[in-house]
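Counting in the UniProt record's numbering, the sequence shown runs from 1 upward without gaps. Ideal Cβ positions, reconstructed from N, Cα and C, are used throughout, including at glycine. Keep in mind it's a predicted model, so treat the numbers as computed, not measured.
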Amino acid sequence: MSQVKQNDTVKVHYTGKLTDGQVFDSSVERGEPIEFTMGQGQLIPGFEKGLLDMEVNEKKTINIPKEEAYGEPREELIQEVAKTQLPEDLDPKVGMGLVSKTPDGREMNLVVTEVKEESIVVDGNHPLAGKDLVFDLEVVEIK
1 MSQVKQNDTV KVHYTGKLTD GQVFDSSVER GEPIEFTMGQ GQLIPGFEKG LLDMEVNEKK
61 TINIPKEEAY GEPREELIQE VAKTQLPEDL DPKVGMGLVS KTPDGREMNL VVTEVKEESI
121 VVDGNHPLAG KDLVFDLEVV EIK
């Protein structure tokens, strides 16, 4: 029976949870496993590490510490923006998602964390930064 190794293309069903059991993502619910090539940095390091040496149809649960997931939240990704810099028709609310373009043209997802009189505070950290994660994995195919 072959086992998952670096550079293999694999199909995997997964359910991602926080340590309190709250599900944040699941390929099972969508009905389609994800397909990716190991070792290309497409997924968080702990996810790939957990798949190594698994066989087709094997299931297991892995715990991924935040250091091998999305890391700690970075203070420099939290910024205050004057409301004058926002589109006029925007009515910012806490929890609202925004997209900003960086000077080099990349898009960055932001979440409004605070709305003040003259400004808003936005957070560009990944929503799962600072969190330990739990994944239920099932290898569907190894190519």
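> Since PHE135 and GLY71 are thought to touch, with beta carbons under 8 Å apart, how far apart are those beta carbons, to the nearest angstrom?
Replying inline: Here residue 135 refers to the residue found at position 135 of the sequence shown. Here residue 71 refers to the residue found at position 71 of the sequence shown. Not really, about 17 Å apart at Cβ, beyond 8 Å.
> Where do the N-terminal and C-terminal ends of the beta strand (DSSP E) with LEU133 fall, by residue?
Replying inline: The residue you call residue 133 lines up with position 133 of the sequence shown. 133-142 is the span of the beta strand (DSSP E), which, as asked, contains LEU133.
> What is the DSSP secondary structure of GLN85, counted as helix, strand or coil?
Replying inline: As a position in the sequence shown, residue 85 is number 85, starting the count at 1. If DSSP states are grouped into helix, strand and coil, GLN85 belongs with the helices.
>> To the nearest angstrom, how far is the alpha carbon of ASN57 from that of GLU141?
In response: Stepping through the sequence shown from its first residue, residue 57 is reached at position 57. Stepping through the sequence shown from its first residue, residue 141 is reached at position 141. Straight-line spacing of the CA atoms in ASN57 and GLU141 works out to 8 Å.
>> Counting C-beta neighbours from all protein chains within 10 Å, is the total for VAL99 16 or more, i.e. buried, or is it exposed?
In response: If you number the sequence shown from 1, residue 99 lands on position 99. Its Cβ having fewer than 16 others within 10 Å, VAL99 is exposed.
> By the 10 Å Cβ neighbour count, where 16 or more other Cβ atoms means buried, how is GLU114 classified, buried or exposed?
Replying inline: One-based indexing of the sequence shown puts residue 114 at position 114. Answer is exposed; the Cβ neighbour count stays below 16.
> Exposed or buried, what is VAL23 when buried is set at 16 or more other beta-carbons lying within 10 Å of its beta-carbon?
Replying inline: As a working note, residue 23 is residue 23 in the sequence shown. Classification for VAL23: exposed.
>> For SER26 and TYR14, I'd like the C-alpha separation in whole angstroms.
In response: If you number the sequence shown from 1, residue 26 lands on position 26. If you number the sequence shown from 1, residue 14 lands on position 14. SER26 and TYR14: Cα-Cα distance of roughly 6 Å.
>> Per the DSSP calculation, ASP25 is bridged to which residue(s)?
In response: Taking the first residue of the sequence shown as position 1, residue 25 is located at position 25. Paired residue(s): GLY16.
> Any idea what DSSP makes of LEU128, helix, strand or coil?
Replying inline: Sequence index remark: in the sequence shown, residue 128 carries index 128 (1-based). Residue state, collapsed to three classes: coil.
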